[in-house]
Amino acid sequence: MIELAATSSIAFSAFGDITIGCDPGTGAHIYWQRGACQSEADAQGVSYAPYAHALFGFLMQTDAGLTEPVLMIGCGGGSLATMLHRAGRAVEIVDIDPVSFELARSHFGLPSDIPCHIADGVAFLQAINPHQRYGAIIVDAFHGSEVPPHFLDLSFFQLCATRLQGGFVVMNVLETTANRVALSCLFRTVDAWLQQEGQNLRLFEEGMCGEQNLLLLAGNVHDLSMPELLMPPHGAAEDIREDLARMRFRPDLEPPSWGVVP
1 MIELAATSSI AFSAFGDITI GCDPGTGAHI YWQRGACQSE ADAQGVSYAP
51 YAHALFGFLM QTDAGLTEPV LMIGCGGGSL ATMLHRAGRA VEIVDIDPVS
101 FELARSHFGL PSDIPCHIAD GVAFLQAINP HQRYGAIIVD AFHGSEVPPH
151 FLDLSFFQLC ATRLQGGFVV MNVLETTANR VALSCLFRTV DAWLQQEGQN
201 LRLFEEGMCG EQNLLLLAGN VHDLSMPELL MPPHGAAEDI REDLARMRFR
251 PDLEPPSWGV VP
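Under full-length UniProt numbering, the residue at position 39 of the sequence shown is numbered 39, and the numbers go up by one with no gaps.
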């Protein structure tokens with residue numbers, strides 16, 4: 001993780017002030033809001049977060065962004081969108097906070113031609129042209145360290161399904177000892193519905209004790225394989241490659257026994 005340097009700056013936002021730190025030696029940036037790291041990227045905007053490279057690896061196994069664009073809900077530094085754009089994949093971003101788009105462009109190199117929509121993710125999906133379809137929908141939206149609760153509901157996944165063209169939804173959540181049981185209930189609910197639709201739910205985890213990023217993959221995800229490091233950031237390729245190798249598909253939807261609060 002990049003240490004906040006003397007070159008750090010603060011941006012004021014109605015959703016919580018944002019601190020941007022810069023490593024003066026490498027030009028890498030880090031984005032903090034409400035006490036949580038929302039983005040880390042090198043000077044070219046390539047993420048340092050292993051889970052972002054897992055997401056990128058999954059998307060590159062499909063044609064998402066080639067025929068229909070990828071929709072990202074949640075901007076932060078916009079590093080995954082930047083990576084998709086560099087790989088020739090069409091991508092759009094939705095975020096409720098306009099400041100995030102400004103910072104992603106000015107500090108993280110988000111390309112100016114990526115469409116950015118200022119809206120709540122659910123409201124955006126409800127309001128768009130009913131014929132609009134996406135190749136994948138990526139939810140990486142946090143209020144501090146928590147995903148907003150209206151995304152953690154079966155109705156959200158059902159709404160996403162109406163906007164997908166044979167693709168899938170991926171949601172990044174921070175799994176903790178406090179929320180594991182509640183998340184497991186959500187996973188089982190979404191999985192039961194997906195099975196009725198002939199689709200799948202899979203969980204991809206960091207494989208760490210304690211807090212970890214967990215990717216929920218819902219839809220046409222049966223054939224996804226272990227992601228590889230395809231776009232390494234400056235100075236961290238081996239570390240991220242090792243992190244990806246440690247990640248795994250969870251064998252079932254139950255929380256690990258060490259994560260259940262008695």
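Even glycine gets a Cβ: it sits at the ideal position worked out from N, Cα and C.
Residue i vs residue j beta-carbon contact at 7 Å
i	j	result
A218	V173	no
G167	A136	yes
Y48	P233	yes
A194	L203	Correcting the residue identity first, residue 194 is Leu in this sequence and not Ala. Their beta carbons are not under 7 Å apart, which means L194 does not touch L203 by this criterion.
P82	L55	As written in the sequence, residue 82 is Thr, which differs from the Pro given in the question. Contact flag unset, no.
C75	S112	no
E68	Q196	no
A43	L80	no
C116	I93	yes
DSSP three-state assignment for residue i, whether helix, strand or coil
i	result
T62	coil
T82	helix
P251	coil
Q33	strand
H53	helix
G132	Per the sequence presented here, residue 132 reads as Gln, with Gly not at that position. Coil at Q132, not helix or strand.
E242	helix
A237	helix
G21	strand
S8	coil
H222	coil
E40	strand
V261	Legend: pLDDT at V261 = 40, less than 50; position of this residue unreliable, value from coordinates given subsequently. In this structure, V261 counts as coil in the three-state DSSP scheme.
Bridge partners - residue i, DSSP secondary structure assignment
i	result
I138	M72 and V170
S47	A41
Classification of residue i by the beta-carbon crowding that lies within 10 angstroms, buried from 16 upward
i	result
D243	buried
V261	Because V261 sits at a pLDDT of 40, beneath the cut-off of 50, its placement in the model cannot be relied upon, and the following sentence gives the value as read from the coordinates. Under this definition V261 is an exposed residue.
A192	exposed
M208	exposed
P227	buried
D252	exposed
G198	exposed
P255	buried
H150	exposed
S39	buried
R89	buried
Within the region 146-217, ranges of the alpha helix (DSSP H) (whole runs, at least 4 residues): 154-161 and 180-196
Contained beta strand (DSSP E) runs [length at least 3] in the region 90-131, N- to C-terminal order: For secondary structure counted as the beta strand (DSSP E) over 3 or more consecutive residues, the region 90-131 holds these complete runs in sequence order: 91-95 and 116-118.
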